[in-house]
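Residue numbers (my numbering), protein chains in the order written: chain A, 1018 to 1286; chain B, 224 to 411.
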């Protein structure tokens, strides 16, 4: 496989070799397709998305397919993750009664997002799939459809409209203004911010890691080796930081999902 | 440098916020696969086991609670029985005391009665003895008197049947005289 398919940045240049430093940029997120099916290029993020899917399914299959009363190691880990989302996120926001229905969605979302984020630090992959805007956008739209649909189902058309616009008579004169702002905020801005929050975090994180990685490589010549070492250290630190951000962002994405659903189920006020 | 950046921009003319459609589709398909596996197969499976485990643990607790309940029931029962036994013992003791007292009283009454009987029998015996003695004495006195009289008279009076009658008459007279004297004495 060529570098364009796997790296999306140049590797053939060092300092003092007479070539300039090519900083990572938007092009670092565009991969040449590995092959093309019906005019659609199949690239590295797609591959990672599918492999990640297999990894998640394999893990939970191994952990939960034949569960035992006294769990093995894998089942214990799986249960811990499952319980973390079920109790820590879903029950906390939606309550046990209302929330039970949305546990599979939340669990699937968390582990999907987390594993897609995690690709960022897996050797050879080293690209967070969620930094391709399509992935978080797709998930955010899915969540959007779910909670908007739920609002209509729960409150009817008028109730849903009141829910979206934060209708509250006690506001008096400013009510129309509030309604307009709330409407835009809830229905138009919310899915966008939901997706962008995840996307931008992973995009920026990856950008930093790539920057220091390329710099380490670029500086690896002559006296530049000293700077290269610093840059490499920064790469390690950024990767550690990324590991943390990946979990946080997956958690936030699911927490927001549950909060939106909770808002949809909430009684009008 | 500017040229490079320019080159990069021309190479990648895309705004990162414009989502490429193939990735969107692939992403949703990938998520759908994960979701359906978890939703339909794996989470129900683990939920079942978690529920079973919860029940096993709670069942254990319930069993322990049942055992404890039984133990306390048995203890209560035992205590009740003990109290009942104590009551019974006290009752028996009181009864025995009563019976003993009644028995003693009965015995005492019996003893009294026997004593009186013995005394009465003694009196009767004494009376009978006295009579016998009187009878014997009378005969002896009669015999002595006849013997004496015979010696005095010098002839035996023994054979004569009327002798006894005479003595009897004499003695009767003596007796009646004594009685009369006694009666006179009493009258005076």
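Yeah, the Cβ is synthetic: ideal placement off N, Cα and C, and Gly gets one too.
Limits of the unbroken beta strand (DSSP E) element including residue i
i: residue 1052 of chain A; result: 1052-1054
i: residue 1059 of chain A; result: 1057-1059
Any C-beta of chain B under 8 Å from that of residue i
i: residue 1078 of chain A; result: yes
i: residue 1070 of chain A; result: yes
i: residue 1120 of chain A; result: yes
i: residue 1195 of chain A; result: no
i: residue 1085 of chain A; result: yes
i: residue 1089 of chain A; result: no
i: residue 1232 of chain A; result: no
i: residue 1134 of chain A; result: no
i: residue 1008 of chain A; result: Chain A is shown only over 1018 to 1286; residue 1008 of chain A falls outside these bounds and no answer can be derived.
i: residue 1066 of chain A; result: yes
i: residue 1063 of chain A; result: yes
i: residue 1278 of chain A; result: no
i: residue 1220 of chain A; result: yes
i: residue 1240 of chain A; result: no
i: residue 1128 of chain A; result: yes
i: residue 1057 of chain A; result: yes
i: residue 1163 of chain A; result: no
i: residue 1073 of chain A; result: yes
Cβ neighbour criterion (16 or more within 10 Å) applied to residue i
i: residue 1103 of chain A; result: buried
i: residue 1207 of chain A; result: buried
i: residue 402 of chain B; result: exposed
i: residue 1219 of chain A; result: buried
i: residue 267 of chain B; result: exposed
i: residue 249 of chain B; result: buried
i: residue 1263 of chain A; result: buried
i: residue 1275 of chain A; result: buried
i: residue 374 of chain B; result: exposed
i: residue 1277 of chain A; result: buried
i: residue 265 of chain B; result: buried
i: residue 1193 of chain A; result: exposed
i: residue 1243 of chain A; result: exposed
i: residue 1266 of chain A; result: buried
i: residue 225 of chain B; result: Any reading at residue 225 of chain B is ruled out, since the residue's pLDDT is 39, under 50, leaving its predicted position unreliable.
i: residue 269 of chain B; result: buried
Range of the contiguous alpha helix (DSSP H) that encloses residue i
i: residue 1229 of chain A; result: 1207-1235
i: residue 1129 of chain A; result: 1120-1135
i: residue 1095 of chain A; result: 1090-1102
i: residue 1261 of chain A; result: 1241-1282
i: residue 1042 of chain A; result: That residue, residue 1042 of chain A, is in no alpha helix (DSSP H); it is neither H nor E in DSSP.
i: residue 1112 of chain A; result: 1109-1116
C-beta neighbour in chain A for residue i, strict 8 Å
i: residue 256 of chain B; result: yes
i: residue 284 of chain B; result: no
i: residue 234 of chain B; result: Residue placement at residue 234 of chain B is poorly supported in this model, since its pLDDT is 47, which falls under 50; the coordinates still yield a value, given next. Interface residue, yes.
i: residue 253 of chain B; result: yes
i: residue 298 of chain B; result: no
i: residue 246 of chain B; result: yes
i: residue 315 of chain B; result: no
i: residue 305 of chain B; result: no
C-beta neighbour in chain D for residue i, strict 8 Å
i: residue 281 of chain B; result: Of the protein chains in this structure, namely A and B, none is chain D.
Residue i Cβ short of 7 Å to the ligand ADP heavy atom set
i: residue 280 of chain B; result: This structure lacks the ligand ADP, and indeed carries no ligand of any kind.
* Asked: Counting only runs that start and end within the segment 231-301 of chain B, where is the alpha helix (DSSP H) found for 4 or more residues in a row?
  -> 244-259
* Note down, in chain order, all residues in the segment 261-276 of chain B with a beta-carbon under 8 Å from any beta-carbon belonging to chain A. => Residues are counted here when their Cβ sits less than 8 Å from a Cβ of chain A; for the segment 261-276 of chain B these are 261, 262, 264, 265, 266, 268, 269, 271, 272, 273, 275 and 276, given in chain order.
* Below 8 Å between beta carbons is the criterion; list the residues of the segment 1094-1124 of chain A that meet it against any residue of chain B, in chain order. => 1095, 1096, 1099, 1120, 1121, 1122 and 1124
* Got a sec: which bits of the segment 1251-1275 of chain A sit with their beta carbon under 9 Å from any beta carbon on chain B, in order along the chain? -> Under the 9 Å Cβ criterion, the segment 1251-1275 of chain A contributes no residue.
* Using a Cβ-Cβ cut-off of less than 7 Å, list which residues of the segment 1147-1158 of chain A approach chain B; keep chain order. => Considering only beta carbons, the part of the segment 1147-1158 of chain A lying closer than 7 Å to chain B consists of 1149, 1150, 1151, 1152, 1154, 1155 and 1156, in chain order.
* Output, in sequence order along the chain, the residues in the segment 1033-1055 of chain A whose CB is closer than 7 Å to any CB in chain B. => 1037, 1039, 1042, 1043, 1044, 1046 and 1047
* What are the uninterrupted segments assigned as alpha helix (DSSP H) that are 4 or more residues long and contained completely in the segment 1130-1207 of chain A, given in chain order? -> 1151-1182 and 1192-1200
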